Amino acid sequence: MYKPSLLFAASEVYPFAKSGGLADVAHSLPRALACEYEVSVVMPLYRFVDREKYAIAALGEAFEIEMGGVEYPVELFGCEYEGLRHIFIYSPLLSEKDFLYGTPEKGYEDNAIRFGIFNYAIVSLLKRRQYAIAHLNDWQSALVPLLLKDEETISTKILYTIHNLAYQGTFEKSALAELGLDEGCFTMEEIEFYAMLSFMKAGIAYADMITTVSPTYAKEILTLEFGCGLDGFLRHHRNKLTGIINGINAEHFSPEHDSALVTPYSDLSGKALNKKAYLREVGLTGAKKPLFVFVGRFTSQKGLDILIESLPKMASTECNIALLGEGEEKYHAALKEIVSKYPNVYLEFGYDERHSHRMYAAADFLLMPSLFEPCGLNQMIAMAYGAMPVVHRVGGLADTVFEYTDFEPLANRGYGVVFTKASAHSFTKAFEQAQTLYKNKRHYNRIIKHNMRCDFSWQESAKAYLSLYAQLLK
Ligand code: ADP
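When the letters of the sequence shown are read in order and numbered with our numbering, they come out as residues 694 to 1167.
Dropping the structure here:
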């Protein structure tokens, strides 16, 4: 069967490099599209990507990118991973850093140039390989459609996905010259954002179609409250915008086949074994008490202010709480202080994929008080592992977690405890509801068993993307 070619570009792809949900999506969505497209995934070759483990080798293609009068060397690398072609862009400035984008406090000073190189390299790939479709993700690849605007030799159609509007790739105006961009595009209709240069605006303005990662977020970003200053601009381009919910990789996030677990499981007795083992692992006691977990970036987006304000009250009840994440220093300090006072709270700083799997397996509830959440994957992972999410009804959380008080065993509809106001008061109330529900074991078990049977895979959402691609190629 003839398959059109698709280049899927992302700045992070699991398992090579990951800082959040984008890497999960860039890992699992391309696989779900490979039934109809000849897919290649492209990402930067960061120095910490394990070349040996994944047999990443030079493709024998090296070239220079000319940007703002400076030449930057680029070398292409590649590997086959799980049946998909992966292309890696190596360029010293882009690649030779310790982190993807910077520390939690601050992005790297030269990020405009670093990701400028990534964008120019993608354009070069499009010229060399003539893909039918380029699917770009977030600000790190958003300049591509602008760079292609006047390229008549390239007929590639472009879909641009916004994973998080809070990260737009805005830089000082001086980056314009460094990126070799024309002064003429520095207008409000194009890439100017309050006297700064915005990568994301280029993607929104010039892509053929735009998606974001849930239907609710697609509506929210058109409003002042959630638009991060781009709501007017997005309203202007709204006819190109669709919201498609993310899925999770059903093989990677499967309690039945998860090598990170002491006992992979498909029923609640197996889950109970994981809970006991996990409590032992982190030194918590009392397997009868509900275990609440939080996994994620310690940032304001994830509701850390609400969480920190609520924690002392929560921790004073009959429960265990385990937190895993990393982020802003002020949150680290506040959390450390709380943990020192409550022996039933366990805290680990860092990014640890396997540990997070053991937490989902052990947990009775996942706490997710996000202020905004474009899609959120944690809540779906939690439901697949039989942990009930406690979520703020916003963005993708509103689309994926339904109020447990309305429980009906409807196919593929997950249930949790949902609160509507982003405040410590509402969050604590939801926590209390969760505690009460947990005491009604029969009802609680019925709901989590139902959640475990739901399909949160890419199957349906991939169809939605395939249908957009088909429209683009018409
Ligand atoms: P984000 O806004 O960070 O992209 P998502 O909910 O979309 O949030 O995706 C988060 C992904 O990253 C999930 O797979 C989650 O389990 C994982 N994750 C986040 N923080 C950590 C951590 N500290 N350790 C391990 N996994 C993490």
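Glycine is no exception: its CB is placed at the ideal position from the N, C-alpha and C atoms.
Keep in mind that this is a model prediction, so the values were computed, not measured.
Cβ-based burial, residue i [other Cβ within 10 Å; buried from 16]
i       : result
MET694  : exposed
CYS728  : exposed
MET881  : exposed
ASP1057 : buried
ASN1105 : exposed
LYS887  : Sequence check: residue 887 is Tyr here, not Lys. Under this definition TYR887 is an exposed residue.
VAL763  : exposed
THR1093 : buried
THR849  : buried
GLU949  : exposed
LEU934  : buried
GLY1088 : buried
ASP951  : buried
HIS1136 : exposed
GLY940  : buried
LEU917  : exposed
PHE987  : buried
ARG1051 : buried
GLY1043 : exposed
PRO766  : exposed
LYS1134 : exposed
THR796  : exposed
GLN1072 : buried
LEU852  : buried
Candidates the options, of which the one nearest residue i by Cα
i       : options                            : result
LEU869  : VAL906, LYS968, TYR887 and GLY761  : GLY761
LEU874  : LEU977, TYR774, ILE806 and GLU1096 : ILE806
MET736  : LEU700, GLU745, GLU1021 and ASN939 : LEU700
TYR794  : SER712, GLY996 and SER1063         : SER712
ASN932  : ASP901, THR916, GLU913 and ILE938  : ASP901
GLY922  : PHE770, VAL742, LYS894 and ALA1015 : LYS894
THR1022 : ARG990, THR1010 and LEU818         : The amino acid at residue 1022 is misidentified as Thr; the sequence shows Glu. Looking at the Cα atoms, ARG990 is the closest of the given residues.
PHE808  : LEU1064, GLU759, LEU836 and SER962 : LEU836
GLU745  : ARG928, ALA755 and PHE770          : PHE770
GLU885  : THR863, TYR899 and LEU872          : THR863
ALA802  : ASP743, TYR853, GLU865 and ARG740  : Residue identity check: residue 802 is Glu in the sequence provided, not Ala. When each option's Cα is compared against that of GLU802, the closest is GLU865.
LEU1060 : CYS878, GLY896, ILE999 and HIS1143 : ILE999
LEU872  : THR854, ALA814, ASN1144 and HIS856 : ALA814
GLN1128 : VAL1110, ASP831 and PHE741         : VAL1110
ASP717  : ALA725, PRO723 and TYR707          : TYR707
TYR1204 : GLU705, ARG778 and TYR739          : Any property of residue 1204 remains undetermined from this structure, which presents the chain solely from 694 to 1167.
Segment limits, beta strand (DSSP E) that includes residue i
i       : result
HIS1085 : 1081-1085
LEU699  : 698-702
THR935  : 934-936
PHE987  : 984-988
SER891  : 889-891
ILE1074 : Unbroken run through ILE1074 is the alpha helix (DSSP H), 1071-1077; no beta strand (DSSP E).
Where residue i sits in the DSSP three-state scheme
i       : result
ARG740  : coil
LYS1134 : helix
TYR1108 : strand
ILE826  : strand
TYR1039 : strand
CYS1012 : coil
ALA1155 : helix
THR863  : strand
ALA898  : helix
ALA733  : Checking the displayed sequence, the identity of residue 733 turns out to be Ser instead of Ala. Three-state result, SER733: strand.
LYS842  : coil
ALA750  : strand
HIS779  : strand
LYS711  : coil
GLY920  : coil
LEU872  : coil
LYS981  : coil
GLY761  : coil
ILE851  : strand
ILE903  : strand
LEU1060 : strand
VAL837  : helix
GLY771  : strand
VAL816  : helix
PHE926  : helix
Where the alpha helix (DSSP H) through residue i begins and ends
i       : result
ALA1026 : 1022-1034
ARG973  : 961-975
TYR910  : 908-913
SER788  : 785-788
LEU1090 : 1088-1093
TYR1053 : 1046-1055
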